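One structure is given here, and the rest of the page talks about it.
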Amino acid sequence: DMDFYFQENERLEIMLRAITEDHITKLTYLNKLFSRTLDISSTLDLILDDICRTLFKEDLRDSLREFLPNYINYLAYKIETKRDLIESIDKLEGIIWQNIPTIFQSKSEDNLENQFREEIQKIDKEIDLSPNNLDLYNSKIKIFIYFNQYGEGLKLLDVMLGIFPESEKDIQMKKASVLKSMKKIQAGLDIINDLQEKYPDDNDLVNYKAYWLQYLDRKEEAQRLIQDLVDRIPNNGMYHDTYGEILMYFEDYEEAIKEFQDAIELVSDEWYIHQTYIKLGICYKELKEYDLAEENLEKGIELTNKSSIDPDTKDKWIAIANLFLLQIE
Numbered sequence: 004d005m006d007f008y009f010q011e012n013e014r015l016e017i018m019l020r021a022i023t024e025d026h027i028t029k030l031t032y033l034n035k036l037f038s039r040t041l042d043i044s045s046t047l048d049l050i051l052d053d054i055c056r057t058l059f060k061e062d063l064r065d066s067l068r069e070f071l072p073n074y075i076n077y078l079a080y081k082i083e084t085k086r087d088l089i090e091s092i093d094k095l096e097g098i099i100w101q102n103i104p105t106i107f108q109s110k111s112e113d114n115l116e117n118q119f120r121e122e123i124q125k126i127d128k129e130i131d132l133s134p135n136n137l138d139l140y141n142s143k144i145k146i147f148i149y150f151n152q153y154g155e156g157l158k159l160l161d162v163m164l165g166i167f168p169e170s171e172k173d174i175q176m177k178k179a180s181v182l183k184s185m186k187k188i189q190a191g192l193d194i195i196n197d198l199q200e201k202y203p204d205d206n207d208l209v210n211y212k213a214y215w216l217q218y219l220d221r222k223e224e225a226q227r228l229i230q231d232l233v234d235r236i237p238n239n240g241m242y243h244d245t246y247g248e249i250l251m252y253f254e255d256y257e258e259a260i261k262e263f264q265d266a267i268e269l270v271s272d273e274w275y276i277h278q279t280y281i282k283l284g285i286c287y288k289e290l291k292e293y294d295l296a297e298e299n300l301e302k303g304i305e306l307t308n309k310s311s312i313d314p315d316t317k318d319k320w321i322a323i324a325n326l327f328l329l330q331i332e
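Going by my numbering, 156 is the number at position 153 of the sequence shown; the sequence numbering is gapless.
So this is what it looks like as structure tokens:
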């Protein structure tokens with residue numbers, strides 16, 4: 004085994020930290036914005052490619068691969084233990100890195116288990132008092148997902164299908180989303196295909212299917228499907244927004260901008276439009292049109308702050324917008 008010793012804040016460590024943080028930030032951003040499956044191995048490969056090209060000899064690659072998870076763990080710990088996150092960049096740093104410890108380091112299993120048990124006991128009491136309240140069951144699903152209890156979530160969704168058959172489509176789509184979190188994206192697509200057989204005229208299912216094809220990196224199929232949808236229903240802003248996001252995912256920023264602009268022109272007050280402005284700003288930033296990028300990112304933040312979405316989602320979108328604003332500055 005080989006040991007690595009770095010003096011914190013010395014030139015080599017600063018450069019290593021900058022490269023590592025850049026790749027981890029990109030990983031987290033892609034996961035938050037596009038719901039891409041986290042691929043830690045490929046991210047480590049990208050970091051290794053970078054540092055072996057600029058800082059270390061290629062002979063050290065295997066040893067560095069073993070070292071990096073602990074180093075990332077260390078960086079995440081430094082962020083997590085900060086108590087005076089006063090400046091906006093520090094607050095942003097905390098948000099970007101908040102999920103990294105769950106990937107690269109183990110948390111207290113006992114503490115998580117206790118939290119999970121408490122939340123489930125609370126929601127179960129509410130369900131006992133109001134057994135036909137669908138919202139309570141949906142809240143329980145969110146708890147299962149938050150604590151990564153995906154198997155239990157799937158079991159509950161099957162129970163819900165029996166209690167609330169009239170909500171089959173919504174429940175089945177939740178199953179598809181849970182399966183996606185379990186990296187079983189094809190299984191989720193199978194659910195959508197089954198739903199389409201039962202509801203052949205449901206265009207929202209076509210919209211969902213385009214997303215799932217995107218998650219599977221089936222670019223041509225995803226684009227062909229969503230293109231057909233916006234051609235058939237050109238006045239639906241949501242479908243243009245989806246098309247823009249799919250184009251953005253595959254880094255076709257110029258075409259994505261056109262779709263986001265169409266979405267904004269069609270529906271300037273829909274619940275999701277703050278996201279559209281932020282995604283539009285990101286596209287302009289990637290094309291180095293910084294004035295337009297800043298304008299749209301700031302508009303997105305303004306609309307996000309005014310929106311009635313839940314605090315976690317609000318923080319997510321503001322963090323993403325600030326991340327790109329900081330890159331412009």
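Even glycine gets a Cβ: it sits at the ideal position worked out from N, Cα and C. Here the structure is a predicted model, which means the values were calculated and not measured.
Assigned with DSSP and collapsed to three states, I312 falls in coil, not helix or strand.
S142 and R64 have their C-alpha atoms some 45 Å from each other. Counting only residues of its own chain and dropping the five nearest sequence neighbours on each side, L67 has a CB closer than 8 Å to the CB of F7, L51, I54, C55 and F59.
Residue range Y153 to I166 is occupied by the alpha helix (DSSP H) that includes E155. Out of F119, L160 and D197, the CA that lies nearest to the CA of L137 is found in L160. For V270, the closest C-alpha among the options K291, D244 and E258 is that of D244. W320 sits buried, since 16 or more C-beta atoms from the chains shown fall within 10 Å of its C-beta.
Comparing alpha carbon positions, the residue from Y287, E129, A296 and H277 closest to E254 is Y287. DSSP places S180 inside the alpha helix (DSSP H), whose first and last residues are E171 to S184. Cβ-Cβ distances below 8 Å link I267 to G240, I276, T279, Y280 and L283 in the same chain, with the five nearest sequence neighbours on each side left out; the list follows chain order.
The Cβ-Cβ distance between L300 and F327 falls below 8 Å. If you ignore the 5 residues before and after D315, its C-beta comes within less than 7 Å of no other C-beta in its own chain.
The three-state secondary structure of Y211, taken from DSSP, is helix. The beta-carbon separation of Y242 and I229, rounded to 7 Å, stays under the 8 Å limit for a contact.
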